[in-house]
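2 protein chains.
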Amino acid sequence: MAVTRRQFLQQVGITGGAGVMFSTMGAMGMMPAAEAKTLPFRAPKKSDFTLTGKAHKNILILGGGIAGLTSAYHLQKAGYDVTILEANNRPGGRNWTVRKGDTITDLRGETQEATFTRDQYMNAGPARLPQNMVTLDYCRELGVPIEPFINQNADAYQYREGTTPISNRPIRHREAKADVYGYVSELLAKATDQGSLDTYLTQTDKDALIAFLRNFGALGNRVAGDPAGSFKYTGTDRRGFITTPGAGFEDGEPVPPFAMQDVLAAGLGNYFSFEFGWDQAMMMFQPVGGMDRIAYAFEEAVGKENIRYEAEVTNIENTSTGVKVQYMSRGRHMREISADYAICTMPPQIVAKTPSNLPADIIAANAYATKSRSGKLGIEYNRRWWEEDERIYGGITNTNMDISNMWYPSSGFHGERGVVIGYYSSSANYGNLNHAGRVERALMQGAKIHGEKYKQDIKSTFSISWDLVKYQEAAWNSWPSRTNGHYGRLLEPAGNIYFAGDHLSHTIAWQHGAIESARLAITKLHERVLSR
Amino acid sequence: MAVTRRQFLQQVGITGGAGVMFSTMGAMGMMPAAEAKTLPFRAPKKSDFTLTGKAHKNILILGGGIAGLTSAYHLQKAGYDVTILEANNRPGGRNWTVRKGDTITDLRGETQEATFTRDQYMNAGPARLPQNMVTLDYCRELGVPIEPFINQNADAYQYREGTTPISNRPIRHREAKADVYGYVSELLAKATDQGSLDTYLTQTDKDALIAFLRNFGALGNRVAGDPAGSFKYTGTDRRGFITTPGAGFEDGEPVPPFAMQDVLAAGLGNYFSFEFGWDQAMMMFQPVGGMDRIAYAFEEAVGKENIRYEAEVTNIENTSTGVKVQYMSRGRHMREISADYAICTMPPQIVAKTPSNLPADIIAANAYATKSRSGKLGIEYNRRWWEEDERIYGGITNTNMDISNMWYPSSGFHGERGVVIGYYSSSANYGNLNHAGRVERALMQGAKIHGEKYKQDIKSTFSISWDLVKYQEAAWNSWPSRTNGHYGRLLEPAGNIYFAGDHLSHTIAWQHGAIESARLAITKLHERVLSR
Chain A
1 MAVTRRQFLQ
11 QVGITGGAGV
21 MFSTMGAMGM
31 MPAAEAKTLP
41 FRAPKKSDFT
51 LTGKAHKNIL
61 ILGGGIAGLT
71 SAYHLQKAGY
81 DVTILEANNR
91 PGGRNWTVRK
101 GDTITDLRGE
111 TQEATFTRDQ
121 YMNAGPARLP
131 QNMVTLDYCR
141 ELGVPIEPFI
151 NQNADAYQYR
161 EGTTPISNRP
171 IRHREAKADV
181 YGYVSELLAK
191 ATDQGSLDTY
201 LTQTDKDALI
211 AFLRNFGALG
221 NRVAGDPAGS
231 FKYTGTDRRG
241 FITTPGAGFE
251 DGEPVPPFAM
261 QDVLAAGLGN
271 YFSFEFGWDQ
281 AMMMFQPVGG
291 MDRIAYAFEE
301 AVGKENIRYE
311 AEVTNIENTS
321 TGVKVQYMSR
331 GRHMREISAD
341 YAICTMPPQI
351 VAKTPSNLPA
361 DIIAANAYAT
371 KSRSGKLGIE
381 YNRRWWEEDE
391 RIYGGITNTN
401 MDISNMWYPS
411 SGFHGERGVV
421 IGYYSSSANY
431 GNLNHAGRVE
441 RALMQGAKIH
451 GEKYKQDIKS
461 TFSISWDLVK
471 YQEAAWNSWP
481 SRTNGHYGRL
491 LEPAGNIYFA
501 GDHLSHTIAW
511 QHGAIESARL
521 AITKLHERVL
531 SR
Chain B
1001 MAVTRRQFLQ
1011 QVGITGGAGV
1021 MFSTMGAMGM
1031 MPAAEAKTLP
1041 FRAPKKSDFT
1051 LTGKAHKNIL
1061 ILGGGIAGLT
1071 SAYHLQKAGY
1081 DVTILEANNR
1091 PGGRNWTVRK
1101 GDTITDLRGE
1111 TQEATFTRDQ
1121 YMNAGPARLP
1131 QNMVTLDYCR
1141 ELGVPIEPFI
1151 NQNADAYQYR
1161 EGTTPISNRP
1171 IRHREAKADV
1181 YGYVSELLAK
1191 ATDQGSLDTY
1201 LTQTDKDALI
1211 AFLRNFGALG
1221 NRVAGDPAGS
1231 FKYTGTDRRG
1241 FITTPGAGFE
1251 DGEPVPPFAM
1261 QDVLAAGLGN
1271 YFSFEFGWDQ
1281 AMMMFQPVGG
1291 MDRIAYAFEE
1301 AVGKENIRYE
1311 AEVTNIENTS
1321 TGVKVQYMSR
1331 GRHMREISAD
1341 YAICTMPPQI
1351 VAKTPSNLPA
1361 DIIAANAYAT
1371 KSRSGKLGIE
1381 YNRRWWEEDE
1391 RIYGGITNTN
1401 MDISNMWYPS
1411 SGFHGERGVV
1421 IGYYSSSANY
1431 GNLNHAGRVE
1441 RALMQGAKIH
1451 GEKYKQDIKS
1461 TFSISWDLVK
1471 YQEAAWNSWP
1481 SRTNGHYGRL
1491 LEPAGNIYFA
1501 GDHLSHTIAW
1511 QHGAIESARL
1521 AITKLHERVL
1531 SR
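Encoded structure:
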């Protein structure tokens, strides 16, 4: 069932054309670098019908998350009649911005109501948009203003519990980088200079490498006849200052470096690669005012009248002429709706257990997906102590405690209040607790980094564990294997029903994956309609 | 004349107190890290007069740049009568945001008028605010909204002219980092594994180092009996993709790495350390709407009625009772103004050549400063091609061509237009050209990176070379030595005249330095007033 990329491009019926050729040439060094191309996508158009005389069709879309909204948006623009059934009372699915008055009752029966201040919010699901993902293009097209999301900040911390002399204390990322790069550079410069790498390096290479390392690591000089004393890293003002350089003779007192052995033992560099990741390197962005601005922009484009909220799908059927779906409306009324085709964007595990006449291999494929846990805690403070006391303006503090990552807000700088993400963690230690227990545990850990003020000036809190969210039951869904037939089966329709969602992409847990998957599904559907 | 930091603190008459003690303890690892402390500053207060019965004084401030505005702001809050004489028709000095209709006639007589679109601008002088500098505190205090300034972006480029196989082509910073870190890690892992560094590393150190390097460099496994084949860097998706991961079976095609020899020869890592710098590491910020929002907020706080614009100082005199200054008002009328004291924030070289009765050593000290050249070119485009075509949302492209650095705008994302800084360069090649020549040269270089579109869709341009700006004559002023008496002389008053400006700090060319210097000067002045 596995398909090569080339075959795949042919399958979707769109030739790569100039885009693919251009990219390939770029990779071969034949022309200036260009941005990576997303899968070629030609949106369905009204003229596809008017020029061919074909009739448009009714499309039912199950799930009003990003995949469902993208599908509806493009199909409707081409003249299709679309209806979205969405179980929640809002668009977006996991794209959920929690605001004052929002409530949730989780699958264990615990209810929370958000009491954030009116202008404050928490993106409970996706929160960051990389430059290289297609989601940004929809922000542009739909008119959703964006602003930087601060995914890294040299002045945020890392904190490692452990037994080394520099464990159990907050260390600014800038300090960690300066020391790690300093000692790594010192060691490599020494090895290079003493000829240990002559198998791999010419003298020209060695000269260039040492010149780079001296700058990169802020190293001292080579000292003739003193290998140990050569290329020493002895600290750098890149680490920051105890007293900041200022007026008159205040030239600043740099913070001294940690010892090399401690830096290595504490694993001070182990977080660095996160910041280089294809999907995590800065710059990143967020919609101004909350991630749900994307969902609501889609809603406005599709038309609220074409979305049925609080519509819980209870039965899915292929019929001889199309599809027929039953749903419970607003928890009270059973309804039925028919259409020519459907695009099902419901979470795969939920599809698998929803009554249907779907074939056994489709149900098995949906059931094969693996559910991931993950959750967040939002803590609104009445004082932006991270700015006022610690001069941290956004960014992430990373720790080996189970809060994992703490986010400082990327907007509202210098304001009166702000929502800190107290954890973004996959640890079951949080999902297993109730809200009060999560808050207590997270505050205890955060206070190790920020001190007792972390427990003070708290206006409100809200937590989510996506495995406990009705209609989701997982933070995201993955595949133990993509080559054993299950995954590939869902890329093809089951009768008149197509499947889409980030789980049917190679960027699981990103809105990009949901959008790309929707684009693939509607491309296939549209081709079929036109070929009839 | 050189003064130690401790003596200096005593000189300014303010004990460090808890702040200094805390910082020192932090450096000794005795408590959690805290932010670096700027010089302790106790703003003059009204109660200093009411409680002592001392009379406040009239203070004349020469120059309405950031040092002058800061001085006026604090002195006035304490009850002093302040008058600023500013040669330009606006506050801020080098803090100048060029907008539609702004004009400049440079010292060579060439006039430019800015024709940017109404909502577009160019920060001709300072443009970025680091988290660790005091300027941000004034944004908070004065109510100037801030937003991120994008000082680094993994998707911006570096471009090196040269003779290596990878010279003369734009390379994304993410590609450069992945390859440099990959090869550096591979080499160091090999040297470590083969025992070359056993003088410096225990087995525990080695294990920790190799574990770090494998993650940091995206390295392959150790291969028993094959040192050359061990810990190989063979590329990583951190470099980015030719085709982006997406729906179905599109798992993405990573851009392949460059060869190690080429990476070293091209100096691909030589720009990295810029991004770690104490004063350049992200996050950085800018005022929403232009850097001059700070200057205008100061103006509003000080009161426009206390600032005389278009007032060119022509004579400075200490008198037996205070100071007396003559100035040419609006180019037409000679005026004279007297006060008890003055704070002179004019550029030192201009002070040195302004008629005065200042003592010879003061004039010599001001003349001793070294003028630096630097300039910028703003290019307004009618299309944000850097976002639309290249997926670059802000940041800096660095090159060894003499444009040096090209900045993409940090705001207005997805808008219709934007101002690219075509160069921020100290090269005399730009200062020596007229505006048309600068534009032509910069476009030719920029087109090597971005292609012919760099010359298209241009709405307007504006350039500045600070050495040619009247009343400035330099981008900033430095000191060949700070220990030979000249610099220190200006930290003490000349009679009733004090000196301030970023040139009298250890953060030259930063507003932080101007502010800190002003704070030092007014502290000394206030102490003197209170001690009489």
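Residue numbers (our numbering), protein chains in the order written: chain A, 1 to 532; chain B, 1001 to 1532. Idealized CB from N, CA, C, for every residue including glycine. This structure is a prediction, so every number in the text was calculated from the model and none was measured.
| Query | Result |
| --- | --- |
| For the putative contact between Ala1114 (chain B) and Gly1101 (chain B), defined by C-beta atoms under 8 Å, what is the C-beta separation to the nearest angstrom? | 7 Å |
| Residue ranges of each beta strand (DSSP E) run of no fewer than 3 residues wholly in the region 1192 to 1248 of chain B, ordered along the chain? | 1241 to 1243 |
| Against Lys1037 (chain B), what residues of chain A qualify as contacts under a CB-to-CB distance less than 9 Å, listed in chain order? | Phe241, Ile242, Thr243 and Thr244 |
| List the DSSP bridge partners of Pro1409 (chain B). | DSSP, once it has assigned bridges, lists no residue as partnering Pro1409 (chain B). |
| Does the CB of Leu504 (chain A) have a neighbour CB from chain B at under 9 Å? | yes |
| Suppose the cutoff is 6 Å on Cβ atoms and the five residues either side in sequence are ignored; what does the same chain contact list for Ile1392 (chain B) look like? | Asp1155, Ala1156, Trp1386 and Tyr1408 |
| Can you tell me which of B:Arg1383, B:Tyr1430, B:Glu1390 and B:Arg1417 puts its alpha carbon nearest to the alpha carbon of Ile1403 (chain B)? | B:Tyr1430 |
| Whole angstroms are fine: how far does the CA of Ile242 (chain A) sit from the CA of Phe1022 (chain B)? | Low per-residue confidence applies at Phe1022 (chain B): pLDDT is 34, beneath 50, and the placement is therefore not dependable, though the value from the model is reported in the following sentence. Taking the straight line from one Cα to the other gives about 10 Å. |
| Among A:Ala364, A:Val529, A:Phe231 and A:Phe285, which one has its Cα closest to the Cα of Asn484 (chain A)? | A:Ala364 |
| What do you reckon, are the CB atoms on Ala307 (chain A) and Gly64 (chain A) nearer than 9 Å? | This sequence places Ile at residue 307 (chain A); Ala is not what is there. Cβ distance < 9 Å, so Ile307 (chain A) and Gly64 (chain A) count as in contact. |
| Mind listing which residues of the region 391 to 408 of chain A have their C-beta closer than 8 Å to chain B's C-betas, in chain order? | Arg391, Ile392, Tyr393, Gly394 and Gly395 |
| Would you mind stating whether Arg1467 (chain B) and Gly1375 (chain B) have Cβ atoms separated by less than 9 Å? | Going by the sequence as given, residue 1467 (chain B) is Asp instead of Arg. The answer is yes: Cβ separation under 9 Å. |
| Would you mind sorting Gln551 (chain A) into buried or exposed? The rule is 16 or more other CB atoms within 10 Å of its CB. | Absent from the structure is residue 551 (chain A), since the part of chain A shown begins at 1 and ends at 532. |
| Does the separation of the CB atoms of Arg1172 (chain B) and Phe1149 (chain B) fall below 9 Å? | no |
| Excluding five sequence neighbours on each side, which residues of the same chain lie with their C-beta closer than 7 Å to the C-beta of Val1223 (chain B)? | Gly1229 and Ser1230 |
| For Pro1227 (chain B) and chain C, any beta-carbon pair shorter than 9 Å? | Judged by its chain identifiers, the structure shown contains no chain C, and its protein chains are A and B. |
| Strictly below 9 Å CB to CB, what residues from chain B border Phe276 (chain A)? | Ala1154, Arg1174, Lys1177, Ala1178, Tyr1181, Phe1216, Ala1218, Thr1236 and Arg1238 |
| Would you tell me roughly how many angstroms separate the C-alpha atoms of Gln1076 (chain B) and Thr1314 (chain B), rounded to the nearest one? | 25 Å |
| Anyone know if the C-beta pair for Ala1514 (chain B) and Thr1345 (chain B) falls short of 9 Å? | yes |
| Whole angstroms are fine: how far does the CA of Gly289 (chain A) sit from the CA of His1056 (chain B)? | 48 Å |
| Cys1344 (chain B) CB to nearest chain A CB: under 9 Å? | no |
| Ordered along the chain, which non-local residues of its own chain (more than five positions away) have a Cβ less than 7 Å from that of Arg1174 (chain B)? | Ala1154, Asp1155, Arg1238, Arg1239 and Gly1240 |
| Could one say the Cβ of Lys1046 (chain B) lies closer than 9 Å to chain A's Cβ atoms, at least one of them? | no |
| If Arg160 (chain A) and Thr399 (chain A) are in contact, beta carbons under 8 Å, what's the gap, nearest whole angstrom? | 7 Å |
| Do you know whose CA, among B:Asn1215, B:Ile1104, B:Gln1158 and B:Thr1163, lies nearest Ser1185 (chain B)'s CA? | B:Asn1215 |
| Assuming Pro148 (chain A) is part of the beta strand (DSSP E), what are its boundary residues? | Ile146 to Phe149 |
| For Asn382 (chain A) versus Ile458 (chain A), is the C-beta distance shorter than 9 Å? | yes |
| Would Glu1516 (chain B) pass as an interface residue toward chain A - the criterion being a Cβ-Cβ separation below 9 Å? | yes |
| Kindly list the residues whose CB is nearer than 6 Å to the CB of Ala1043 (chain B), restricted to its own chain and excluding five residues on each side of it in sequence; keep chain order. | His1074 |
| In the DSSP output, what is Met122 (chain A) paired with across the bridge? | A:Val98 |
| Among the residues of its own chain, which have a CB less than 7 Å from the CB of Leu1197 (chain B), if the five just before and after it don't count? | Ala1191 |
| Return the residues of the region 197 to 210 of chain A that lie within a Cβ-Cβ distance of less than 8 Å from chain B, sorted by chain order. | Leu197, Thr199, Tyr200, Leu201, Thr202, Thr204, Asp205, Ala208 and Leu209 |
| In chain order, what residues of the same chain lie with their CB nearer than 6 Å to the CB of Ala352 (chain A), ignoring the 5 residues before and after it? | Ile363, Asn366 and Ala367 |
| Could you give the C-beta distance for Tyr233 (chain A) and Gly246 (chain A), rounded to a whole number, given that I count them as a contact under 8 Å? | About 26 Å; that fails the 8 Å criterion. |
| I need the straight-line Cα distance from Arg519 (chain A) to Tyr498 (chain A), nearest angstrom please. | 12 Å |
| Nearest CA to the CA of Tyr1121 (chain B): which residue from B:Ser1460, B:Gly1195, B:Lys1206 and B:Pro1347? | B:Ser1460 |
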